[in-house]
Each structure stands twice: as C-alpha cells, then as structure tokens.
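Colleague:
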Amino acid sequence: MEFSIPFCWYKVKEVRKILDSRIEKGEHFEIYFNYPSGFSGKNFSESNLFAGFEEIRDSVSQYKREALRFSCLLDSVCLGNKEFSRRGQKQMRDIFKQLARAGIDSITLSNIYLAIWLKKNYPHFSLTVSSKACLDSLEKIKYWQELGADSVILPPVYFNKNLKTIAGFSKNLNIDIGLVANNGCLRHCPLYLNCSLAEGGEFWGCHINSSFFRRSLLALCPLLRLKDSKDFIKTDWIRPEDLDSYEEAGVRKIRLAGDDLSPGSPQDIVKAYIEKSYEGNLLDLLYYPSLFKSGKFLRQLSGFFLPFEFEQIKDSFLKKEVFLDNKELNTFLKDLPADCTPLLCNDCLYCDKIAASAFKVYEKPCR
101 MEFSIPFCWY KVKEVRKILD SRIEKGEHFE IYFNYPSGFS GKNFSESNLF
151 AGFEEIRDSV SQYKREALRF SCLLDSVCLG NKEFSRRGQK QMRDIFKQLA
201 RAGIDSITLS NIYLAIWLKK NYPHFSLTVS SKACLDSLEK IKYWQELGAD
251 SVILPPVYFN KNLKTIAGFS KNLNIDIGLV ANNGCLRHCP LYLNCSLAEG
301 GEFWGCHINS SFFRRSLLAL CPLLRLKDSK DFIKTDWIRP EDLDSYEEAG
351 VRKIRLAGDD LSPGSPQDIV KAYIEKSYEG NLLDLLYYPS LFKSGKFLRQ
401 LSGFFLPFEF EQIKDSFLKK EVFLDNKELN TFLKDLPADC TPLLCNDCLY
451 CDKIAASAFK VYEKPCR
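Residue numbers (the working numbering): 101 to 467.
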C-alpha cells in the first residue's frame with residue numbers, strides 16, 4: 101500500500117524523517133501538490149497546498165528517488181468550458197510542459213477531456229482519477245481505465261465504509277484503487293458536489309466569493325454534525341488500525357488530505373497512518389477545519405445568517421470541544437453491517453450505539 105502525502109507536509113522536517121526511515125525499509129510514497137492555475141481543484145489564494153514552478157522543480161531535483169514519486173493535482177470540476185478555448189488549451193500545454201520539465205511523475209484529473217488530451221500529448225505521465233470525478237460505479241471506472249487511467253481515488257463519502265463494494269471493484273479492474281483516509285466529510289454528504297464546484301472556480305470568474313463560499317460550507321459541516329452525534333461516526337474517516345482490512349479488499353493507495361486547515365500536526369497524522377496506530381481524538385487526524393476558531397472568519401460568517409442563528413453557530417464552535425475516542429472504535433469496522441446503506445440507518449442504529457460510547461462533547465472552560 102502506497103501513501104500519498106501533501107507537499108506542504110513533506111516540507112516539514114519531522115515528516116521527511118518519518119518517510120525516509122520507511123523508505124529505507126523498502127516502502128514507496130507519493131508527494132502531491134496543487135499547481136496555481138484554474139485547472140487546480142482548490143482556491144490557491146487560501147491554501148498552502150500550492151507550489152510554484154521553481155519550488156516544484158527544486159524539490160523534485162532535491163528529493164525525488166525511485167521510492168518517492170511526485171504528483172500534481174489539476175482536478176478542478178469547474179473549468180468554465182475554458183478547456184475547449186484556445187486560451188485554456190494554451191494554458192494546458194504550458195502547464196504540462198512545465199511539469200514534464202520539472203520531472204513530475206503523475207497527474208490527477210477529474211475532467212475527461214483533459215484526460216484524453218493528456219494521454220494523447222503526454223502519455224509518459226501516470227494518470228490518477230480524482231475523487232471529485234465521483235466515479236461511483238464499475239462502468240464509470242472502466243471507462244476511465246480504457247482512457248488510460250492508472251489509478252482512481254474513489255469518492256470517500258460513498259465508499260470509505262463500504263469494503264464489500266471496494267473488493268468487488270478490485271476484482272474487476274486492472275487499475276489501482278485509492279481512498280482518502282482522513283477527508284472528514286459526512287457520509288453521502290449532500291454538500292459534497294457543491295464543495296467540489298466551489299473549489300477552484302474563482303480563477304475563471306465562475307463564482308463570486310467562491311473562496312468564502314467554500315469556507316462557509318466547511319463551517320456548516322461540523323455544525324450539522326453537532327446536532328446529531330451519530331453523524332460523527334458516519335463521517336467518512338478511516339482509522340489507521342483498519343488499513344490492513346482495506347488493503348485486503350484491494351486498496352493500493354491511501355491519500356492523506358491536509359493543508360492549513362488541518363487541526364493536527366502533520367507529523368502526528370502521517371505517523372499514525374503509516375504505523376497504523378493512534379491513541380486520542382480521531383478527529384485530530386481528519387481534514388477538519390479550524391477556520392471557525394478564527395474571529396475574523398466568524399465576523400465574515402455573521403453576514404450569512406440571521407443574528408440568532410449566528411449566535412447559535414458561534415456558541416457551538418467556540419464553547420464546545422468534541423472528542424471521538426479512537427480506541428473505543430477498535431471493533432467498529434469488524435462489527436459494521438456488511439449491507440450498511442443510508443436506507444437502513446433508522447433501522448440499524450449501529451452508529452447510534454457506537455456514538456454513545458466513543459463520542460463526547462465537552463463545554464470549554466471560560467477564559
């Protein structure tokens with residue numbers, strides 16, 4: 101199983117030490133980053149996942165080796181149809197030429213047209229299908245496989261708790277299957293597509309205030325879950341201790357999500373998943389936004405809600421501490437019903453039972 105680590109984390113000295121020690125034992129890793137362009141799936145004005153060409157080239161030259169590959173994410177869902185324009189295609193050519201000169205190994209895409217264009221003009225790049233492509237059926241994945249895709253990251257909100265389907269995909273595919281282990285989204289989240297569309301659109305002028313809109317969605321997610329504790333259990337996390345079960349089901353790549361919004365330290369998150377063990381609050385490993393702790397962001401957020409609604413949101417974020425005890429989840433995956441689907445939640449009540457023992461909400465002490 102290969103781990104895919106954010107480039108902004110790899111720049112942390114402690115993270116490099118962890119990876120170097122595992123590389124000496126024969127393990128392989130992928131380092132991924134976003135490139136600052138409208139083809140990227142994030143707003144580069146707010147994320148430190150981005151790296152400029154000079155930084156990419158220098159880092160690849162310094163760190164690249166057989167056991168350490170570099171991958172670029174160009175997986176914006178919304179391109180404003182610029183991929184069909186002369187301007188957009190010229191930008192594509194320029195970007196791919198730069199990445200080729202820098203020695204990048206792999207490109208992650210969600211746009212089929214870009215995938216066809218990439219394989220036709222730059223076949224030496226390995227192609228990974230982004231989770232934002234929302235490939236939720238064997239037929240869709242096989243279509244990308246026939247286009248030349250080498251691996252696919254399944255959408256975590258649909259598949260992270262569904263080992264049976266993952267195993268079925270693995271048996272019928274000739275490409276590697278990957279998952280995002282610490283995404284932190286609600287299972288089958290109705291906002292998932294909205295978030296994907298909001299990210300990256302600002303570059304093309306597709307959205308007004310797309311950056312703040314995405315941040316507002318990130319703030320709304322934990323608020324919705326605080327209303328029902330079992331939703332923290334239904335979140336699409338994968339415990340470090342359960343990775344062996346996913347590997348047995350056919351998962352070959354684990355991507356760790358993280359940038360400046362991650363609450364936990366990069367070295368702690370990387371160490372937990374690589375060593376497949378963690379004691380403490382599982383939520384600290386997730387891509388769980390810490391934006392709502394910012395006074396500036398809360399002031400911006402106040403304009404989106406009525407006064408009494410905003411006070412409720414502020415109290416929920418600033419006065420409550422949530423804790424999901426990872427060790428209380430040791431048998432979670434083993435006991436999870438094999439036919440677990442959203443249609444059975446009201447009858448199953450499995451997540452309710454787990455939440456009663458593993459999930460706690462504490463009132464923060466006044467300062």
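Virtual Cβ for every residue (Gly too), placed ideally from N, Cα, C.
1. Taking DSSP as the reference, what is the three-state secondary structure of residue 265?
2. How about residue 352 and residue 276: are their beta carbons less than 7 Å apart?
3. How big is the Cα-Cα spacing for residue 380 and residue 427?
4. DSSP on residue 124, reduced to helix/strand/coil?
5. Tell me the rounded alpha-carbon separation between residue 366 and residue 169.
6. Given a threshold of 16 other Cβ atoms within 10 Å of its Cβ, counted over all protein chains shown, does residue 461 qualify as buried or as exposed?
7. Taking the C-alpha atoms as reference points, what is the distance between residue 102 and residue 448?
8. Going by DSSP in three states, residue 150 sits in which element: helix, strand or coil?
9. Alpha carbon to alpha carbon, what distance is there between residue 456 and residue 438?
10. Suppose you measure from the CA of residue 149 to the CA of residue 208; what does that come to, to the nearest Å?
11. According to DSSP, is residue 177 part of a helix, a strand, or is it coil?
12. Buried or exposed, going by whether 16 or more other CB atoms sit within 10 Å of the CB of residue 145?
13. Less than 7 Å between the beta carbons of residue 279 and residue 260, yes or no?
14. Please work out which residues of its chain come closer than 7 Å, Cβ to Cβ, to residue 112, disregarding the five sequence neighbours upstream and downstream, and give them in chain order.
15. In angstroms, rounded to a whole number, what distance separates the CA positions of residue 180 and residue 376?
16. Please state if the CB of residue 132 and the CB of residue 104 are separated by a distance shorter than 7 Å.
17. Residue 344: which of 357, 324, 373 sits nearest, CA to CA?
18. Would you mind stating whether residue 227 and residue 250 have Cβ atoms separated by less than 7 Å?
19. Is it buried or exposed for residue 284, if we count other Cβ within 10 angstroms and need 16 for buried?
20. Count the other CB atoms, across all protein chains shown, that sit within 10 Å of the CB of residue 213; report buried if there are 16 or more and exposed otherwise.
21. Using the Cβ count rule (16 or more neighbours within 10 Å means buried), how would you classify residue 223?
22. Given a cut-off of 7 Å on the beta-carbon distance, is the pair residue 257 and residue 244 in contact?
23. Throw me the rounded Cβ distance for the residue 252 and residue 235 pair, which I believe falls under 8 Å.
24. Decide if residue 287 is buried, meaning its Cβ has at least 16 other Cβ atoms within 10 Å, or exposed.
25. What would DSSP say about residue 144, mapped onto helix, strand or coil?
Modeller: Put simply:
1. One-based indexing of the sequence shown puts residue 265 at position 165. Taken through DSSP and simplified to helix, strand or coil, residue 265 comes out as helix.
2. Indexing the sequence shown from 1 puts residue 352 at position 252. Indexing the sequence shown from 1 puts residue 276 at position 176. Yes, the Cβ-Cβ distance between residue 352 and residue 276 is below 7 Å.
3. Counting from one through the sequence shown, the residue named residue 380 turns up at place 280. Counting from one through the sequence shown, the residue named residue 427 turns up at place 327. Rounded to whole angstroms, residue 380 and residue 427 show a C-alpha spacing of 7 Å.
4. Working through the sequence shown from its first residue, we reach residue 124 at position 24. Coil at residue 124, not helix or strand.
5. Locating residue 366 in the sequence shown gives position 266, counting from the first residue. Locating residue 169 in the sequence shown gives position 69, counting from the first residue. Inter-residue distance for residue 366 and residue 169 is about 19 Å (C-alpha atoms, whole angstroms).
6. Translated into the one-based positions of the sequence shown, residue 461 becomes position 361. Counting the other Cβ atoms within 10 Å of the Cβ of residue 461 gives fewer than 16, which makes it exposed.
7. In the sequence shown, counting from the first residue as 1, residue 102 sits at position 2. In the sequence shown, counting from the first residue as 1, residue 448 sits at position 348. Using only the alpha carbons, I get a separation of about 34 Å.
8. Working through the sequence shown from its first residue, we reach residue 150 at position 50. Unreliable placement is indicated for residue 150, whose pLDDT of 49 sits below 50; the coordinate value is still reported in the next sentence. The answer is strand: DSSP assigns residue 150 an E or B state.
9. The sequence position of residue 438 within the sequence shown is 338, counting from 1. The sequence position of residue 456 within the sequence shown is 356, counting from 1. The alpha-carbon atoms of residue 438 and residue 456 are separated by roughly 21 Å.
10. Here the question's residue 149 lines up with position 49 in the sequence shown. Here the question's residue 208 lines up with position 108 in the sequence shown. In this prediction, residue 149 has a pLDDT of 48, which is less than 50 and means its spatial position is unreliable; nothing more can be read from the coordinates.
11. Taking the sequence shown and counting its residues from 1, the one referred to as residue 177 is at position 77. The answer is coil: DSSP assigns residue 177 none of H, G, I, E or B.
12. Numbered from its first residue, the sequence shown carries residue 145 at position 45. Caution applies to residue 145, whose pLDDT of 42 falls short of 50 and renders its modelled position unreliable; the value that the coordinates give is listed next. It counts as exposed.
13. The count along the sequence shown starts at 1 and reaches residue 279 at position 179. The count along the sequence shown starts at 1 and reaches residue 260 at position 160. With respect to the 7 Å criterion, residue 279 and residue 260 are classified as neighbours on the basis of their beta carbons.
14. Sequence index remark: in the sequence shown, residue 112 carries index 12 (1-based). Here the set comprises 366, 367.
15. Stepping through the sequence shown from its first residue, residue 180 is reached at position 80. Stepping through the sequence shown from its first residue, residue 376 is reached at position 276. In a straight line, the C-alpha of residue 180 is about 41 Å away from that of residue 376.
16. Position 4 of the sequence shown, counted from the start, is the residue given in the question as residue 104. Position 32 of the sequence shown, counted from the start, is the residue given in the question as residue 132. The answer is yes: Cβ separation under 7 Å.
17. To locate residue 344, count along the sequence shown from 1; it is residue 244. Among 357, 324, 373, the Cα nearest to that of residue 344 is on 373.
18. The sequence position of residue 227 within the sequence shown is 127, counting from 1. The sequence position of residue 250 within the sequence shown is 150, counting from 1. At the C-beta level, residue 227 and residue 250 come within 7 Å of one another.
19. Here residue 284 refers to the residue found at position 184 when the sequence shown is read from its first residue. Burial check for residue 284: the Cβ neighbour count within 10 Å reaches 16 or more, so the residue is buried.
20. Start at 1 with the first residue of the sequence shown, and residue 213 comes out as number 113. Residue 213 comes out exposed.
21. Residue mapping note: residue 223 aligns to position 123 of the sequence shown, counting from 1. Looking at its Cβ environment, which holds fewer than 16 other Cβ atoms inside 10 Å, residue 223 is exposed.
22. The residue you call residue 257 lines up with position 157 of the sequence shown. The residue you call residue 244 lines up with position 144 of the sequence shown. With respect to residue 244, residue 257 sits apart: the two C-beta atoms are not nearer than 7 Å.
23. Locating residue 252 in the sequence shown gives position 152, counting from the first residue. Locating residue 235 in the sequence shown gives position 135, counting from the first residue. About 6 Å separates the two Cβ atoms, so the contact holds.
24. Your numbering for residue 287 matches position 187 in the sequence shown. Buried, because 16 or more other Cβ atoms sit within 10 Å of the Cβ of residue 287.
25. Along the sequence shown, read from residue 1 onward, the residue named residue 144 stands at position 44. Low confidence applies to residue 144: its pLDDT is 42, below 50, so where it sits in the model is not reliable, and the reading given next is rough at best. Note: residue 144 maps to coil in three-state DSSP.
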